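A.B. asks: Going left to right, the sequence shown walks through residues 1 to 134 as the UniProt record's numbering numbers them. A virtual CB, placed ideally from N, CA and C, is assigned to each residue, including glycine. Just so we're clear, the structure is a prediction, and the values are computed from it rather than from any experiment.
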Amino acid sequence: MNAASSIIPFENEEFGVIRALRDETGEPWFVAKDVCDALELTNPTVAVNSLDDDERAKFNLGRQGEANIISEPGFYKLVMRSRKPEAKAFQRWVTHEVLPSIRKRGGYMVEVPDETPEQTMARAILIARDTIER
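1) Kindly indicate which three-state DSSP category valine 31 falls into: helix, strand or coil?
2) Measuring only the C-alpha atoms, how far is aspartate 54 from proline 117?
3) Which residue from Gly65, Ser6, His96, Ala128 puts its Cα closest to that of glycine 26?
4) Which two residues bound the contiguous alpha helix (DSSP H) that contains serine 101?
5) Can you tell which of Glu24, Asn12, Arg81 has the C-alpha that lies nearest to the C-alpha of valine 48?
6) When DSSP labels each residue in this structure, what does glutamate 118 get in the three-state scheme?
7) Do arginine 56 and asparagine 68 have their C-beta atoms closer together than 8 Å?
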């Protein structure tokens with residue numbers, strides 16, 4: 001990856017700072033070392049090399065030099081391999097809520113507190129329209 005993008009740092013109490021950027025098509029990529037540090041994966045090179053070619057790339061961070069970055073699917077793969085308790089909570093959410101919902105209903109929508117059934121339906125219609133337009 002060689003397109004100049006601005007780095008977006010995401011900070012979380014449990015995981016620390018994970019730097020991310022968007023490629024030319026708007027897809028998110030994450031600095032592999034940050035993800036590996038957050039997941040307590042001790043060898044980022046091995047973790048990155050375990051991903052498919054289209055799930056990893058190099059990015060010039062400027063003065064900090066070139067860094068390995070991973071795509072969103074690569075990020076999910078690493079999270080699913082982690083044994084960290086916080087990652088296990090994410091794994092459980094994906095495997096017990098998100099994926100079964102997609103299989104049963106064809107999609108997954110996050111509940112919005114105090115949303116009426118009509119508002120939920122309107123939001124679902126907008127999501128469906130956007131999906132069809134892609």
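C.D. replies: If we stick to the structure as given:
1) Taking the first residue of the sequence shown as position 1, residue 31 is located at position 31. It is a strand residue.
2) Here residue 54 refers to the residue found at position 54 of the sequence shown. Here residue 117 refers to the residue found at position 117 of the sequence shown. If I take the Cα positions, the gap works out to 40 Å.
3) Translated into the one-based positions of the sequence shown, residue 26 becomes position 26. The option with the nearest alpha carbon to glycine 26 is Ser6.
4) Here residue 101 corresponds to residue number 101 of the sequence shown, with the count starting at 1. Looking at the DSSP string, the run of the alpha helix (DSSP H) that includes serine 101 is 99-105.
5) Here residue 48 is taken as the residue at index 48 of the sequence shown, counted from 1. Valine 48 has its Cα closest to that of Arg81, out of Glu24, Asn12, Arg81.
6) The count along the sequence shown starts at 1 and reaches residue 118 at position 118. The answer is helix: DSSP assigns glutamate 118 an H, G or I state.
7) Taking the first residue of the sequence shown as position 1, residue 56 is located at position 56. Taking the first residue of the sequence shown as position 1, residue 68 is located at position 68. In contact: arginine 56 and asparagine 68 (Cβ atoms closer than 8 Å).
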